[in-house]
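Below is one structure, written out as structure tokens; comments come after it.
Protein chains: 2
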Amino acid sequence: MIRDHNPVLAPQRREIIRSFVQKEGVVRVEDLRKSLKVSVATIRRDLETLEGMGKLRRVHGGAVAVEKNRLEEAVFDDKTNRAESEKSRIAKMAYRLIDRNDSIYLDGGSTTLRLARLLRERTDLTLVTNSLRAAAELAESGPRILLIGGELRRISQTMVGPLTSAVLGQVRVDKAFMGTMGFCLENGLTTTDPNESYVKALVAEQAGRVILLADSGKAGKVSFARVSGWDKVDALISDDNLPGRFAKTLRKRGLKVRLA
Amino acid sequence: MIRDHNPVLAPQRREIIRSFVQKEGVVRVEDLRKSLKVSVATIRRDLETLEGMGKLRRVHGGAVAVEKNRLEEAVFDDKTNRAESEKSRIAKMAYRLIDRNDSIYLDGGSTTLRLARLLRERTDLTLVTNSLRAAAELAESGPRILLIGGELRRISQTMVGPLTSAVLGQVRVDKAFMGTMGFCLENGLTTTDPNESYVKALVAEQAGRVILLADSGKAGKVSFARVSGWDKVDALISDDNLPGRFAKTLRKRGLKVRLA
DNA sequence: TCGTTTTTGATCGCTTTTGAAAGAATTGCA
DNA sequence: TGCAATTCTTTCAAAAGCGATCAAAAACGA
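Protein sequence lines correspond, in order, to chains A and B.
Under this note's numbering, think of the first position of the first sequence as 269, with each following residue one higher.
Under this note's numbering, think of the first position of the second sequence as 269, with each following residue one higher.
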């Protein structure tokens, strides 16, 4: 697993610990001491530091991974992302819905980020977003960007919280492209964090059309915070693995459903 | 790995270090000393320079590669080399003014960006900023971040425009660290863009203390858009090339002037 | 070539990191 | 519940690393 003869830099060592905990879920102080060949005092200090950064949680005897939804983790770990090609296809299909001079909203999430990457040449558009990553992708060139202010939620790299409404209340977009952690026929859209869902709901109010981008892996998943019911959503873009009943029922409810 | 018998030119040596860090992710001062056959003092200076350029990040005992997702610093890269070390020193001196649990504001600019890089471990702080770069630097870990929303001004990578006031009106910071394009005794602070100066002026109103970070090259320069007079500014941090009359006059007007 | 500027290396306090030790707290087990 | 074993926190001192300073060396320009 871990091996190193010459001393390891402290931040490097902490990174080893962090990624190990993330992967394995738990780790014991004693194991780390043996692997990293430093004293338990140092290990404890590292764990304390990492806990302070919110990277893990200390427990008696070691540390455990912080409880974050596994769905959400996948968002920013592009490598381990199975739905890679589905997401790209969904993003491309969404791109075709964008008209000239549209003002559009993108929220956080890997699918919408892929859509953002397709907008580098589109200087005709106005993009409103609460996603730091989307803004960073288009920082050099692309649409006019209005970034929603607010508190940065690190795990999703989006702006959330009460301050977001200050800006959101003042803009209106033609089309809002939204991601979600899960969706199901009964509960509509759900996501892990209430702050996040609050922003999404607010945007849905301001948007001419709300277009949900969600690969089939999200179908039937229910997360903690409810975003909205299907009545606010105008279209769903998913992939062809979406169980038939979803497409059927949603179309019956008046949504446009497209499968990439 | 790295070996060389005859002396290596400084830029060449730095390039070796840079590419090594990029490839390996981390490097120790001691290893570099042995490989490059120069003193640790020289290695440290190289690392300091490279850090100033944003090519790597120094840590105790060596340096590590910068995160992938940070924004490129193309705009600042080349021409400002002369002021590199001044800016770094100014940023460090500014850092010492930050107290525990402070809420601070950083605006755009290369000096404040350097200050931002020093805040990675400071989870006690609250950072308010309109700088996309500063936010991107601290996206992984660091202070609580409140990003000012608004329109992205590409050239400076900052948020400007009417929407900024929506958020700015609702926050108050203990200390605001501001950059400027130019300052002179008659006109005070000036910058190139009125949108930019509007935000700066707004922040100056909300801040407990306004601290100007400006290398001596800015002294006497006057730009298009007036930001504010000296009455709004509480302190100036510059470098020791600042002409004496600036320090003298400003101190007489009640400012704290520090030369890094 | 000479004088100036830049780079380099050595030294000295100072800070950070590390490991060990002692006492307090937690856990497992009877 | 009480005891033993383990783990944790606190404290302290040693070690490693650091920034600042200064003088020597090298590079540069006239």
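Backbone N, C-alpha and C define an ideal beta-carbon position, used for all residues, glycine too.
As the structure is a prediction and not an experimental result, all values here were calculated from the model.
Who are the Cβ neighbours of residue i in its own chain at under 6 Å, not counting the five residues just before and after it?
i      : result
A/S267 : Because chain A in this structure spans residues 269 to 528, residue 267 of chain A falls outside the shown range and cannot be described.
B/S356 : G320, R382
A/R368 : D392
A/V396 : Y373, L414, V439, V441
B/I311 : V297, L300, R301
A/R326 : L315, E319
A/L453 : T517
A/N455 : V490
B/F514 : A487
A/L457 : T448, F451, V495, S496
A/A472 : V478, S496, K500
I'd like to confirm the pairing. Which residues does DSSP put opposite residue i in its beta bridges?
i      : result
A/E419 : A/V428, B/L414
B/G529 : Since the displayed chain B opens at 269 and closes at 528, residue 529 of chain B lies outside it and no answer follows.
B/T394 : B/S371, B/R412
A/G320 : A/G320 pairs with nothing; no bridge assigned.
B/T505 : Note that residue 505 of chain B corresponds to Ile in the displayed sequence, not to Thr. According to DSSP, B/I505 bridges with B/L481, B/R526.
B/R325 : B/V332
A/K443 : A/I372, A/R477
B/A487 : B/F451
B/A493 : B/T459
A/S399 : A/T426
B/R296 : B/G330
Measure how close the beta-carbons of residue i and residue j come, nearest whole angstrom, since I'm counting them as under 8 Å.
i      : j      : result
B/A528 : B/D502 : About 17 Å separates the two Cβ atoms, so there is no contact after all.
A/D285 : A/D314 : First, the residue type needs correcting, since residue 285 of chain A is Ile and not Asp in the sequence shown. About 6 Å separates the two Cβ atoms, so the contact holds.
A/S399 : A/T426 : 5 Å
B/L470 : B/W498 : Not really, about 18 Å apart at Cβ, beyond 8 Å.
B/V428 : B/R421 : 5 Å
B/A482 : B/P511 : About 13 Å; that fails the 8 Å criterion.
A/L324 : A/V289 : 5 Å
Go through its chain and collect everything with a Cβ distance to residue i's Cβ below 7 Å, but skip five positions before and after it.
i      : result
A/V435 : I416, G417
A/L523 : W498, V501, D502, A503, L504
B/Y363 : L383, L386
A/R282 : D314, T317, L318
A/N509 : S484
B/G293 : V332, A333
B/S409 : R388
A/D370 : L393, D442, K443
Grab me the residues of residue i's own chain with a C-beta within less than 8 Å of its C-beta, minus the 5 sequence neighbours each way, in chain order.
i      : result
A/R526 : M361, A503, L504, I505, S506
A/L406 : A384, L387, R388, L395, I413
B/S307 : R301
A/P462 : F492, A493
B/A402 : L374, G376, T380, L381, A384, L395
Given 8 Å, three or more beta-carbon pairs between the region 446–459 of chain A and the region 370–388 of chain A: With the cut-off at 8 Å, the region 446–459 of chain A and the region 370–388 of chain A touch.
Residues within the region 370–393 of chain B neighbouring chain A, beta-carbon criterion of under 8 Å: Answer set for the region 370–393 of chain B: T391.
Cβ contact (3+ pairs, closer than 8 Å) linking the region 407–418 of chain B and the region 415–423 of chain A: Judged by Cβ distances under 8 Å, the region 407–418 of chain B makes contact with the region 415–423 of chain A, as three or more pairs qualify.
Segment contact, 8 Å Cβ cut-off, at least three pairs: the region 316–333 of chain A with the region 284–300 of chain A: Output reads yes: the region 284–300 of chain A touches the region 316–333 of chain A.
Contacting positions in the region 312–334 of chain B - beta carbon closer than 7 Å to chain A: Per Cβ criterion, the list reads V327, H328, G329, G330, V332.
Residues of the region 407–422 of chain B whose Cβ lies closer than 8 Å to any Cβ of chain A, in chain order: Listed in chain order, the positions of the region 407–422 of chain B with a beta carbon within less than 8 Å of a beta carbon of chain A are A407, E408, S409, R412, I413, L414, L415, I416, G417, G418, E419, L420, R422.
Proximal residues, the region 286–303 of chain B versus chain A, C-beta separation under 7 Å: Cβ contacts with chain A come from V294, R296.
Near-chain A residues of the region 426–437 of chain B (beta-carbon distance less than 7 Å), N- to C-terminal order: Among the residues of the region 426–437 of chain B, those with a Cβ less than 7 Å away from any Cβ of chain A are M427, L431, A434, V435, in the order of the chain.
Where the region 448–471 of chain A meets chain B: residues whose CB sits under 8 Å from a CB there: In summary, no residue of the region 448–471 of chain A has a CB separated from any CB of chain B by less than 8 Å.
Where the region 393–405 of chain B meets chain A: residues whose CB sits under 7 Å from a CB there: Within the region 393–405 of chain B, the qualifying residues are L400, A403, A404.
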